[in-house]
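I have placed the structure first, in the form of structure tokens, so that the comments after it can refer back to it.
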Amino acid sequence: MKIFNDIFELIEYRKGLKGDVGFVPTMGALHNGHLSLIRNSIENSDFTIVSIFVNPTQFLPNEDLDRYPKREKADIQICKLAGVDAVFVPSSSDIYQKSEPVILAPNKKAYILEGAKRPGHFDGVLRVVLKLLNIVNPTNAYFGKKDAQQLYLIQNMVSTLFLRTKIIPCEIVREEDGLALSSRNVYLSDKDRKKALNISKSLKLASKAMMKGEFDCDVLKNIMKETMKELEIEYIEMVDRDFNKIDKIVLKNSIILVAAKVGETRLIDNLWI
Ligand code: AMP
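Under the working numbering, the first residue of the sequence shown carries the number 452, and numbering increases by one thereafter.
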């Protein structure tokens, strides 16, 4: 497996690859969620490239950039064992220049939900993803449905900027007890982890209610709120696949989104219906 720190060395390597290239962008501290994206890519591509880059522009000033978990050696080992062809670990000073054009995420969909709680976050996400797609020039790029709004905004960027990469959405990977895998789960104490389970539990209860025919979003929200009453709920919202808020769930075109704080740790989860 090749390891690249230098952007231009990676570009040269990429030029020499004949066949489909799958790309999995990550911020490292790899877990089984990342691994499922990587496996998906390996299965469907001739070559797989994984990037590990904790992108500073997507963190707000008061967020956890400085303490975001870093496990580069272990991450590289995981990629090697999984059968990745190349890992790309650029530096922030190489990725970002002092003076450069900056892409801004579309206002309407980037400043609601996650974007309302983290204004400017998606500008940073799109800024780095655009750069990474330009560097790697992959045939397919794999993103998790766990970050549903991010996935939507990336798909929107790729289609409206006429980029040539195909975005492949990947299913959410959970622990056996339901907790959605996240690099930030390492921040949770045992007590907080138990509390955090109520997030996925609330989504399961909403799902059960829908199976019984309940599609009213207010009713579903109340069920979820009750389950998460020990947590600091940031939002529970229902949207269609274009991220417009909805009052009634429509099968195959709805997403229930949740964000909550457990202690100091902010977690998100969602359910695609
Ligand atoms: P991150 O390292 O958190 O930036 O995540 C890198 C990619 O992995 C993103 O496309 C995420 O949506 C995806 N991802 C993170 N956690 C999960 C999960 N539990 N299941 C599926 N994909 C995930």
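In this text, a Cβ means the ideal position worked out from N, Cα and C, and glycines have one as well.
All figures in this text were calculated on a predicted structure; none of them were measured in a lab.
Pair within 7 Å by beta-carbon distance, residue i and residue j
i, j, result
"N591", "G473", "yes"
"Q601", "V576", "yes"
"A480", "R522", "yes"
"A657", "I684", "no"
"L708", "L604", "no"
"T678", "N636", "no"
"G534", "I500", "no"
"C621", "Y638", "no"
"N483", "L632", "yes"
"P520", "S640", "no"
"S651", "L671", "no"
"D643", "G714", "yes"
"K699", "F666", "yes"
Buried or exposed by the 16-neighbour rule on C-beta atoms within 10 Å, applied to residue i
i, result
"S653", "buried"
"K597", "buried"
"V553", "exposed"
"F694", "buried"
"R615", "exposed"
"M478", "buried"
"R717", "buried"
"G664", "exposed"
"Q548", "exposed"
"N456", "exposed"
"A525", "exposed"
"L488", "buried"
Residue i versus the options, residue with shortest Cα-Cα distance
i, options, result
"I503", "P520, V540, D667 and N483", "V540"
"N495", "G470, K453, G484 and I563", "G470"
"D497", "P589, T716, V713 and E688", "P589"
"A710", "R692, K617, D628 and A567", "A567"
"S705", "I724, K676 and R518", "I724"
"F613", "Y686, H485, I454 and L584", "L584"
"I458", "R717, A599, K582 and A660", "K582"
"E688", "V713, A599 and L630", "A599"
"I697", "K655, S610, D669 and E681", "D669"
"R465", "G571, V609, N513 and V538", "V538"
"L486", "I529, I618, S651 and G664", "I529"
"V609", "G629, E626, V579 and A631", "V579"
"V475", "R490, K655, L461 and P520", "R490"
"I586", "S543, F455 and I462", "I462"
"R692", "K549, F573, N607 and R569", "N607"
"L511", "M662, P570 and E626", "P570"
"K559", "D574, K549 and Q548", "D574"
"K453", "A525, H572, D536 and S544", "D536"
Subject >> Uninterrupted alpha helix (DSSP H) stretches inside the segment 474-532 (no shorter than 4 residues) >> reply: 483-495
**OP:** Mind listing, in chain order, the continuous alpha helix (DSSP H) runs of no fewer than 4 residues lying wholly within the segment 668-694?
**Re:** 668-678
**OP:** Please list the segments of the alpha helix (DSSP H) lying wholly inside the segment 597-672, counting only runs of 4 or more residues, in order along the chain.
**Re:** 599-611 and 641-662
Original post:
Which residue spans inside the segment 550-590 form an unbroken alpha helix (DSSP H) run of at least 4?
Top reply: 558-561, 565-568 and 572-587
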